[in-house]
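Per the numbering used here, the very first residue in the sequence shown carries number 133; after that it's consecutive.
Cβ atoms here follow ideal geometry from the backbone N, Cα and C, with glycine treated the same way.
Keep in mind that this is a model prediction, so the values were computed, not measured.
For reference, the structure discussed in these notes is given below.
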Amino acid sequence: MGHTVLTVTKSPISVANRDDVARGRRAPQARTRVVVADYSSISRAGIRSILERSPSTAIVDEAKTYDAVLASVEEHAPDVLIIDLDLGDDTNKGLLVCNTVAERFPNTKILILASSVSELIVIEALRRGALGYMIKSQTTSDELIKAVRAVQEGETAFGKGIGALVSKNFGAPHSVTEQLTERELDVVKLTAQGLGNKQIAHSLFISESTVKFHIHNASIKLHTRKRAELVHRATAAGIIK
133 MGHTVLTVTK SPISVANRDD VARGRRAPQA RTRVVVADYS SISRAGIRSI LERSPSTAIV
193 DEAKTYDAVL ASVEEHAPDV LIIDLDLGDD TNKGLLVCNT VAERFPNTKI LILASSVSEL
253 IVIEALRRGA LGYMIKSQTT SDELIKAVRA VQEGETAFGK GIGALVSKNF GAPHSVTEQL
313 TERELDVVKL TAQGLGNKQI AHSLFISEST VKFHIHNASI KLHTRKRAEL VHRATAAGII
373 K
């Protein structure tokens with residue numbers, strides 16, 4: 133009887149915290165195994181609390197740096213990676229992580245859970261392999277659970293307003309391409325190469341004001357306002373390879 137009391141009062145030992153068990157085997161019985169990557173410990177705890185309400189879901193690891201995300205996915209082979217692309221450093225690194233996970237670990241599906249929405253980041257994240265994009269402040273517990281299940285099955289999951297944004301960017305790209313004139317295409321392609329208006333003008337033997345005119349028209353047709361957005365939209369539409 134005394135032995136039983138001692139066992140109960142000790143810290144519980146499970147597959148999740150045993151050093152002699154491969155960490156990749158954490159919660160092998162779970163139907164949905166998740167790695168959560170977020171710079172905020174509060175956010176990570178909140179996501180864990182929501183998802184582990186279901187006995188079939190387990191958070192097998194947490195990460196708060198880009199390097200830790202890749203190491204965790206490699207070690208645990210989760211079904212789903214929930215990640216905030218901005219881990220307190222550089223969102224571009226977050227996009228690179230998505231790209232790496234999608235290429236090296238295709239069985240791990242990616243769900244972005246961000247603090248804010250940026251059209252460029254949303255589209256780029258999807259191009260890099262993410263299947264879902266949700267906003268923390270606008271996502272309910274039930275919506276998060278459904279989103280995780282959806283991306284695990286290879287389906288897309290978008291937060292409020294994001295679906296329409298995606299449709300606008302990926303819908304009928306060829307018709308958008310056909311709207312641009314040959315000269316507008318030339319200007320956009322050179323813009324994508326990082327050339328300034330003066331350099332583009334020199335390369336195409338036209339005036340700088342004409343370059344601005346073509347950029348303005350191309351921006352209207354591709355529904356962009358900034359130069360970077362123009363390049364990104366053109367790339368998404370297949371205009372630039």
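Residue i, enclosing alpha helix (DSSP H) - first and last residue
i: residue 257; result: 251-259
i: residue 332; result: 329-336
i: residue 232; result: 223-236
i: residue 322; result: 314-324
i: residue 276; result: 273-284
Alpha-carbon spacing of residue i relative to residue j, whole angstroms
i: residue 226; j: residue 361; result: 19 Å
i: residue 319; j: residue 368; result: 17 Å
i: residue 197; j: residue 178; result: 18 Å
i: residue 304; j: residue 166; result: Because the pLDDT at residue 304 is just 43, under 50, the model does not fix this residue reliably, and the point stays unresolved.
i: residue 323; j: residue 363; result: 7 Å
i: residue 158; j: residue 224; result: 30 Å
i: residue 260; j: residue 295; result: 17 Å
DSSP bridge partner residues for residue i (one or two, in chain order)
i: residue 290; result: 265
i: residue 164; result: 189
i: residue 212; result: 166 and 241
i: residue 194; result: 168
Same chain, Cβ closer than 6 Å to residue i, neighbours up to 5 away in sequence not counted
i: residue 163; result: 188
i: residue 357; result: none
Range covered by the beta strand (DSSP E) that runs through residue i
i: residue 241; result: 241-246
8 Å Cβ shell around residue i - same chain, five flanking residues per side excluded
i: residue 342; result: 333
i: residue 344; result: 329
Would you say the region 237-248 touches the region 186-196, given that touching needs at least three Cβ pairs under 8 Å? no
Measuring CB atoms only, is the region 250-261 touching the region 197-205, in the sense that at least three cross pairs come out at less than 8 Å? no
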